[in-house]
Each structure stands twice: as structure tokens, then as C-alpha cells.
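Enquirer:
Residue numbers (the working numbering): 37 to 535.
Right, dumping it as C-alpha cells:
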């Protein structure tokens with residue numbers, strides 16, 4: 037049986053859902069095909085011992101009135117559905133770097149005052165850093181929902197230059213301040229030798245405006261987007277894995293799923309990884325060099341996740357995230373050593389509506405190279421065998437042992453825990469090789485790390501975290517970039533700004 041649409045979107049992650057909603061609002065007949073039984077991609081949540089854990093989105097910025105995501109979510113008519121909690125304005129992110137403790141307060145003025153009180157001789161460097169971050173963030177019109185007076189596809193050439201670590205080292209020789217300014221690099225899997233300054237700047241700016249947690253899990257955002265999509269007349273098909281594009285001459289006329297269902301459309305949008313997208317295209321239908329480029333993109337490192345459930349009333353709620361760098365180096369990714377796991381880790385306490393005084397659970401994330409689990413890559417969830425389970429237990433115990441250095445009695449408070457490896461991320465969120473943030477963005481080779489919506493097939497487009505930038509803001513703005521292929525982008529920006 038074949039169903040016909042104006043546009044078919046593959047994948048119901050944040051990028052696919054936002055793109056689908058906007059297109060439906062503009063009158064297109066749209067379908068979304070999702071391989072899992074529920075929507076969301078990295079927005080998915082799951083329950084363990086009655087506690088809700090997030091798989092990918094642990095906090096978000098830009099949700100104050102008149103800020104970018106607030107405007108977009110109001111335009112999509114979903115903000116009213118969201119249960120959010122603002123994080124500690126005096127320190128939404130806290131860091132232990134070596135033996136020194138620091139906090140990032142919300143707002144540039146408070147941030148400046150805080151850093152100047154710690155590093156009084158570095159006022160000039162701190163001011164220069166803040167000015168640079170704000171200048172870059174304010175210069176990218178799309179990320180501020182401002183009218184664009186240049187081709188949006190060229191915004192990388194306009195702004196994407198320079199290395200983050202080089203800039204930080206240029207403005208100050210104080211190594212403690214250097215590492216503190218780069219301490220949020222787990223939010224983009226930063227590497228000192230390759231990370232774009234603009235990636236560092238946009239993500240830093242996004243959270244500096246304020247940070248929020250989703251109360252009772254980020255899946256509420258996926259559910260709300262899905263409900264609005266259906267109300268607008270969109271169709272979403274679950275448990276349907278897209279496996280092959282069918283062509284008529286040089287353009288795609290349909291997509292076939294693993295359940296042998298066929299969906300026809302005028303145009304197609306892939307919200308999944310470019311590697312997987314290319315796998316669905318027959319070799320003779322696309323230029324070999326283009327296929328090779330997309331399939332050989334470098335990907336960011338993956339993550340080992342430990343989900344801890346506490347005994348009731350034992351672990352006080354922390355309205356912040358905590359990052360630990362025991363050796364004092366926040367750039368550990370470039371020196372990854374599996375024998376020293378975890379070299380650093382982040383703790384993300386859960387916000388729920390049942391108990392605001394105590395945390396019922398935490399997510400603990402530590403970067404992990406996919407190569408550590410590659411031997412099990414041809415296995416499926418819950419069918420990976422005893423050696424795999426032992427591997428996970430060893431890693432879990434190593435993280436708990438590290439946490440004991442900061443929370444000496446934490447073992448006595450744990451009721452249960454479960455863990456996830458890069459294979460879990462690969463299978464549940466659809467990221468290639470479990471890449472935490474999709475493709476790696478290397479300032480030394482921008483042409484191989486920055487993608488655009490239009491592909492070499494005339495009616496196939498891309499969206500999602502591999503497009504412009506990862507994270508909730510990056511993926512949302514990437515969805516607008518994809519929608520600009522179907523409508524006037526400045527008109528859309530104007531509509532979003534005016535609700």
C-alpha cells in the first residue's frame with residue numbers, strides 16, 4: 037500500500053518534529069516516519085524504579101520570555117504544555133577542576149563579577165572574553181531570530197572561523213582561568229586542537245542567558261510537538277524503519293520501510309544521520325564522491341551513562357549540574373585512555389514534581405569511545421550477552437567509586453542503578469556509532485564538518501543535529517534553515533517573533 041504526501045520526513049527527533057510542525061502550519065501535507073514505537077530521538081525519557089530519566093536533553097537555555105526558544109515554542113503552540121524549572125541563577129553549572137571549585141552564574145554581569153572576584157588580575161581578559169562571545173552570538177542572525185540580509189547557507193563562511201582554545205590562550209596566560217572558560221566543553225565534546233570558536237561561543241551564550249530543567253522528563257517536549265503535529269493534520273507512523281529510497285530517473289518518488297509500506301511524496305527530508313541516509317540510496321543514484329564524503333564524516337565521541345535511583349529522602353536536590361575534572365584538564369577527550377575511565381564526568385540531578393527537596397535520581401555521563409563496545413555492535417538490546425553486562429558493571433563501579441570522592445556516603449543512598457553504552461545510544465536515538473552530538477565540527481576542515489539542508493539529490497533535504505549545530509537551540513535553528521528551502525525564511529522569522 038502506498039501513501040502520498042507533499043513531504044515525508046524520516047525521523048521524529050527534535051529536528052524532524054519542529055520541521056514537520058512548521059511545514060504543516062504552512063499548509064503542506066506531511067508525514068513523519070519513525071523507527072521506534074515513540075517519538076523524540078534524544079528527547080526520549082524512560083522509567084527506572086518509578087523515576088523518570090532523560091536520554092539526551094538534561095537542561096536547556098533560552099526559555100525566558102522574549103528569548104529565542106521561548107518565541108519558537110510559543111509559535112509552535114507548545115510552551116504552555118511544558119513543565120520547566122529554572123536552575124540556580126548563582127551557579128547553574130558547577131565545576132571541580134583539580135582541587136578548585138567554580139560556578140557559572142546566569143547573566144553576563146554576574147558571570148563577569150564572579151570571575152573577577154576569583155581572578156582579580158585577569159579583568160581585562162575576562163572582559164575581552166565576554167565581549168567576544170557576545171559579539172559572535174549577536175552576529176549570527178538566525179540564532180537570534182533577526183532578519184537575515186545574507187544567504188543563510190553562507191553564514192558559516194561569514195562567522196565560522198577560529199579555534200576556541202587558541203582564542204582563550206591568547207587572552208590569558210592563567211591556566212586555571214583558561215580551563216574554567218572551557219569547562220562547559222562536555223556540552224559540545226570539545227577538543228583543544230579542533231573546536232570552532234563559534235561553536236563554543238553560541239553554546240556558552242545560550243546557557244549564559246539562563247538554564248532550565250524539564251520537570252518529569254524531556255519527553256514532554258516530544259509529546260507536545262507530536263500532538264500539535266497531529267492537530268495540524270500531519271501523520272506520524274511509528275515502528276516503521278525507513279530502509280530504501282525508490283527513484284524515478286534522478287529524483288526520489290517514495291520511501292519503503294522494513295514493514296514493506298511505501299510512502300510517496302514530492303520531497304523528502306532526512307532527520308537522521310547522513311551516513312544512514314546514504315545507506316538508503318542505491319550506488320548509481322548519487323555521485324560517489326558525495327556519498328563518500330557524507331559516509332566518512334568524523335563523529336563526536338559517545339557516552340557511557342549511569343542512571344542512579346536513590347532511596348527516598350537521602351540525597352538532597354541540587355538545582356545545578358556538577359562537572360568533575362580530577363586531573364585539572366577539561367580537555368580530556370584528546371587524551372582519551374580507556375584504562376583511566378572516567379577521566380571526567382558530569383552529574384545531572386533529576387527535577388520531578390514528587391519531591392523538590394530531595395533528588396530521586398541522577399544521570400551521570402562520562403565520554404566513552406565507541407571502539408570499547410565495537411565487539412558487540414552486531415548484537416541487539418538486552419541480547420548482548422554476559423560479557424557485555426560485566427563490562428557495564430565494571431564501568432558503573434568505576435564511576436560510583438569516583439563519585440565517592442565527592443559524596444563519601446553515596447553508596448548507602450543508592451537503591452538501584454542501570455547503565456547505557458554507546459550501543460544503547462545508537463539503537464535508541466539513532467545516532468551513528470552512538471555519537472553524542474552527531475558529526476564532529478573541526479575548524480581546520482569546515483567543508484567536511486558543516487552541512488546544509490540541500491543535498492545532491494534534487495528533492496532530498498537534511499535536518500537535525502548534523503546540520504547547523506547540535507543541542508536544542510542548534511537543532512531548532514537548523515529546522516528553520518531546512519524550512520527555508522520551502523518558504524521565505526525572513527517571513528517565517530517575522531511570524532515567530534510576533535507569535
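Virtual Cβ for every residue (Gly too), placed ideally from N, Cα, C.
Being a predicted model, the structure only gives us computed values, none of them experimental.
So, do the region 439-454 and the region 326-344 have three or more beta carbon pairs nearer to each other than 8 Å?
Expert: Output reads yes: the region 326-344 touches the region 439-454.
Enquirer: May I ask you to report which of helix, strand or coil DSSP gives residue 144?
Expert: The answer is helix: DSSP assigns residue 144 an H, G or I state.
Enquirer: Along the chain, where does the beta strand (DSSP E) containing residue 357 start, and where does it finish?
Expert: It spans 357-361 - the beta strand (DSSP E) in which residue 357 sits, taken as one unbroken run.
Enquirer: Have a look at the DSSP bridge pairing and note the partners of residue 41.
Expert: Beta-bridge pairing links residue 41 to 301.
Enquirer: Considering only C-alpha positions, which residue in the set 268, 286 and 100 is nearest to residue 66?
Expert: Comparing Cα-Cα distances from residue 66 to each of 268, 286 and 100, the minimum goes to 268.
Enquirer: Would you grab the beta carbon distance between residue 70 and residue 272 for me? Rounded to a whole angstrom, and I think it's under 8 Å.
Expert: That belief holds up - the Cβ atoms of residue 70 and residue 272 are roughly 7 Å apart, short of 8 Å.
Enquirer: Verify whether the separation of the beta carbon atoms of residue 107 and residue 181 is less than 9 Å.
Expert: Yes. Within cutoff.
Enquirer: Bridge partners for residue 335 per DSSP, in chain order?
Expert: 475.
Enquirer: Is DSSP giving residue 373 helix, strand or coil here?
Expert: Residue 373 falls in the coil class under three-state DSSP.
Enquirer: Would a C-beta distance cut-off of 9 Å place residue 498 and residue 488 closer than the cut-off?
Expert: Going by C-beta atoms, residue 498 is nearer than 9 Å to residue 488.
Enquirer: Starting from the C-beta of residue 114, find all residues in its chain whose C-beta is less than 8 Å away, skip the five residues before and the five after it, and write them out in chain order.
Expert: Answer for residue 114: 257, 260, 261 and 264, listed in chain order.
Enquirer: Compare the beta carbon distance of residue 388 and residue 348 with 9 Å and say whether it is the shorter of the two.
Expert: Not closer than 9 Å, so no.
Enquirer: By alpha-carbon positions, which one of 359, 369, 373 and 365 ends up nearest to residue 384?
Expert: Residue 384 has its Cα closest to that of 359, out of 359, 369, 373 and 365.
Enquirer: Considering only C-alpha positions, which residue in the set 86, 52 and 523 is nearest to residue 79?
Expert: For residue 79, the nearest C-alpha among the options comes from 52.
Enquirer: What distance in whole Å lies between the Cβ atoms of residue 212 and residue 136, which are believed to be in contact at a cut-off of 8 Å?
Expert: Residue 136 to residue 212, Cβ: 6 Å. Contact.
Enquirer: Could you give the DSSP three-state label for residue 343: helix, strand or coil?
Expert: In this structure, residue 343 counts as strand in the three-state DSSP scheme.
Enquirer: Sorted by chain position, which residues of the same chain lie with C-beta nearer than 6 Å to residue 317's C-beta, five sequence neighbours on each side aside?
Expert: These residues qualify, in order along the chain: 281.
Enquirer: Which residue marks the beginning of the alpha helix (DSSP H) containing residue 204, and which one marks its end?
Expert: Run containing residue 204: 200-207, per the alpha helix (DSSP H) assignment.
Enquirer: Going along the chain, which unbroken runs of the beta strand (DSSP E) with 3 or more residues stay wholly within the region 54-130?
Expert: Counting whole runs of 3 or more residues, the region 54-130 contains the beta strand (DSSP E) stretches 66-69, 81-84, 87-90 and 120-122.
Enquirer: Put residue 231 into one of helix, strand or coil per three-state DSSP.
Expert: Of the three classes helix, strand and coil, the one that applies to residue 231 here is strand, per DSSP.
Enquirer: Tell me the DSSP secondary structure of residue 210 in three-state form.
Expert: Coil at residue 210, not helix or strand.
Enquirer: Could you pull out every unbroken beta strand (DSSP E) segment of at least 3 residues lying fully inside the region 253-310, listed in chain order?
Expert: Counting only runs of 3 or more, we get 271-273, 278-284, 287-293 and 298-306.
Enquirer: If distances are taken between C-alpha atoms only, which option among 176, 223, 177 and 232 comes closest to residue 203?
Expert: Among 176, 223, 177 and 232, the Cα nearest to that of residue 203 is on 232.
Enquirer: Quick one: what's residue 404 bridged to in DSSP?
Expert: BP columns for residue 404 point to 338.
Enquirer: Cα separation between residue 141 and residue 440?
Expert: Their backbone Cα atoms lie some 26 Å apart in a straight line.
Enquirer: Would you report the Cα separation of residue 110 and residue 160, rounded to the nearest angstrom?
Expert: Those two C-alpha atoms are separated by around 39 Å.
Enquirer: Contact between the region 299-317 and the region 497-516: three or more CB pairs below 8 Å?
Expert: The answer is yes - the region 497-516 touches the region 299-317, with three or more Cβ pairs under 8 Å.
Enquirer: Is any non-hydrogen atom of the ligand ATP found closer than 8 Å to the C-beta of residue 75, if you look at the structure I gave you?
Expert: Ligands in the displayed structure: none, and consequently the ligand ATP is not present.
Enquirer: Around the Cβ of residue 156, are there at least 16 other Cβ atoms within 10 angstroms (buried) or fewer (exposed)?
Expert: So residue 156 ends up on the exposed side.
Enquirer: Rounded to a whole number of angstroms, what is the C-alpha to C-alpha distance between residue 45 and residue 306?
Expert: The alpha-carbon atoms of residue 45 and residue 306 are separated by roughly 6 Å.
Enquirer: Please confirm whether residue 338 and residue 92 have their CB atoms less than 9 Å apart.
Expert: No. Outside cutoff.
Enquirer: For residue 58, which residues in the same chain have their Cβ closer than 6 Å to its Cβ, ignoring the five residues on either side in sequence?
Expert: Closer than 6 Å at the Cβ level, and outside the excluded window around residue 58, lie 519.
Enquirer: From this set, 472, 484, 176 and 517, which residue's C-alpha is nearest residue 507's C-alpha?
Expert: It is 472 whose Cα lies nearest to the Cα of residue 507.
Enquirer: Could you tell me the distance, in whole angstroms, from the CA atom of residue 227 to the CA atom of residue 237?
Expert: The alpha-carbon atoms of residue 227 and residue 237 are separated by roughly 14 Å.
Enquirer: Note the first and the last residue of the continuous alpha helix (DSSP H) segment covering residue 465.
Expert: It spans 458-465 - the alpha helix (DSSP H) in which residue 465 sits, taken as one unbroken run.
Enquirer: Can you tell me the Cβ-Cβ gap for residue 64 and residue 42, rounded? I've got them flagged as a contact below 8 Å.
Expert: At roughly 4 Å, the Cβ-Cβ gap stays under 8 Å, so residue 64 and residue 42 are in contact.
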